[in-house]
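Trainee: Let me give you the structure first, and then I'll get to my questions.
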Amino acid sequence: MLKFILKKIALMIPMLLVISLIVFLGLRATGVDPITYMVSMEVQAQSPELVEELRESLGLNDPLLVQYVRWLGDLVRGDLGYSFEGQKIADIIAVRLPYTLELSGYALLFSSIIGIAIGIVSAIRQNGVVDYIGRVFAVLGQAVPQFLVGILLIQLFSIKLGWFPAANRVDPNATNAFVDAFLHLFLPVATLTIGMVAVLMRYARNTMLDVLNSDYIKTARSKGIPEWKVYLKHGFRNAMKPVLIILMFRIPGLIGGSVVIETVFSYPGIGLTMTNSIVSNDYPTVMVITLIIAAVMLICSFMVDVLNALLDPRVRLGE
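What follows is the structure in structure tokens.
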């Protein structure tokens with residue numbers, strides 16, 4: 355097992371390097387000149403020598419590959435650089451990332467509980483009312499884009515009913531910080547949760563149906579084992595193995611979806627920061643955030659492989 359894990363980790367390193375190179379060269383290919391954000395047009399026109407000295411000191415005249423190696427070396431040393439606004443990118447990430455993790459964490463928690471519960475009940479009560487409603491919701495939840503779901507929730511619960519705020523993370527004038535945080539989190543968490551519930555519910559239902567129709571379930575029933583024990587001990591336990599793998603696969607999508615949802619709700623996480631950085635051509639910040647998201651995706655993929663190997667030893671033998 356240790357050999358399997360080390361091999362997977364070794365494969366992640368070149369993948370991260372390739373992704374970082376693509377991100378670096380791709381954003382540099384846009385032609386955005388950092389000097390235009392550091393020096394006014396008037397100064398550029400009056401003092402071209404000063405501009406050239408600044409460009410030389412920043413290493414912008416070096417070949418792109420040299421710039422990439424220098425940037426990568428800074429990343430390895432923990433120096434994420436500066437945004438075009440002069441802020442340390444590490445400070446920006448330290449402030450914004452916890453908000454994104456909070457949003458994604460709550461969405462993951464609630465969608466797992468709700469989606470798996472409804473999926474299991476739908477399988478046990480196949481073709482019943484819950485199953486029918488669940489299947490319709492699963493189709494709609496995956497068909498409707500998340501940003502549209504967010505807009506509809508804002509229109510209904512914020513604009514028309516006035517129950518929840520439509521934007522931001524906190525109200526500085528709020529008297530109860532806990533209630534205020536809950537109200538601001540509700541709509542963006544609900545938006546992310548709806549899409550995840552639709553996916554998990556469908557997978558939980560299908561895997562539970564496969565398990566309930568298997569031979570060992572029929573054998574357990576023939577032995578007179580109570581139905582609740584059949585469902586919990588034999589059905590639920592075996593059905594959860596593939597569902598857990600699907601859940602891990604969906605985490606990167608949850609992080610990526612937060613970019614859109616944070617923009618819709620003006621939620622101050624790294625998603626909104628990335629959107630604002632793209633609009634303002636702040637490519638140093640965009641590069642770091644993109645690399646962070648890519649790293650999260652690779653880590654989740656690694657965890658899926660490890661979990662799959664733990665649940666099925668044949669995976670390790672195959673590797």
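The sequence shown: position 155 = 509 (the working numbering), numbered continuously. Cβ atoms here follow ideal geometry from the backbone N, Cα and C, with glycine treated the same way. Computed from a predicted structure; not experimentally measured.
Using CA atoms only, rank isn't needed, just tell me which of Tyr621, Val449, Val597, Thr617 is closest to Asn662.
Mentor: Val597
Trainee: Between Thr454 and Leu507, how many whole angstroms is the CB-CB distance? I'm expecting something under 8 Å.
Mentor: Rounded, the Cβ-Cβ distance is 19 Å, inconsistent with contact.
Trainee: Can you tell me whether DSSP reads Tyr436 as helix, strand or coil?
Mentor: DSSP, read as helix, strand or coil, puts Tyr436 in strand.
Trainee: Helix, strand or coil for Lys362 per DSSP?
Mentor: helix
Trainee: May I ask you to list the residues that DSSP assigns as paired with Lys442?
Mentor: Tyr436
Trainee: Under a three-way DSSP split, which group does Ser568 fall into?
Mentor: In this structure, Ser568 counts as coil in the three-state DSSP scheme.
Trainee: Going by CA-CA distance only, name the one from Gly610, Pro638, Ser634 that's closest to Gly625.
Mentor: Gly610
Trainee: Taking its Cβ as the centre, do 16 or more other Cβ atoms sit within 10 Å of Tyr637, making it buried, or is it exposed?
Mentor: buried
Trainee: Nearest-angstrom Cα distance between Leu419 and Ala593?
Mentor: 49 Å
Trainee: Measuring alpha carbon to alpha carbon, tell me which residue in Glu616, Leu462, Ser568 is nearest Asn522.
Mentor: Glu616
Trainee: Which residue spans inside the segment 534 to 618 form an unbroken alpha helix (DSSP H) run of at least 4?
Mentor: Listed in chain order, they are 569 to 576, 591 to 618.
Trainee: For Asp659, which of helix, strand or coil comes out of DSSP?
Mentor: helix
Trainee: For the alpha helix (DSSP H) that Phe518 lies in, which residues bound it at each end?
Mentor: Taken as a continuous stretch (DSSP letters only), Phe518 belongs to no alpha helix (DSSP H), as it is neither H nor E.
Trainee: Going by beta carbon distance, what residues of the same chain come within less than 7 Å of Ser466, once the five residues before and after it are set aside?
Mentor: Leu554, Leu601
Trainee: Taking the straight line between their C-alpha atoms, what separation do you get for Ile505 and Met550?
Mentor: About 17 Å.
Trainee: Quick one: what's got a C-beta closer than 8 Å to Thr627's C-beta in the same chain, skipping five residues either side?
Mentor: Ile446, Arg450, Thr639, Ile643
Trainee: Alpha carbon to alpha carbon, how far is Ala558 from Asn481? Give it in angstroms, no decimals.
Mentor: 15 Å
Trainee: How about Leu463 and Ile605: are their beta carbons less than 8 Å apart?
Mentor: No.
Trainee: Just to confirm, are Gln500 and Val614 a CB contact at a threshold of 8 Å?
Mentor: yes
Trainee: When the Cα atoms are used, what is the spatial distance from Leu370 to Gly413?
Mentor: Leu370 and Gly413: Cα-Cα distance of roughly 24 Å.
Trainee: So, using beta-carbon positions, are Leu566 and Ile373 closer together than 8 Å?
Mentor: no
Trainee: Identify whether Asn630 lies in helix, strand or coil by the three-state DSSP scheme.
Mentor: helix
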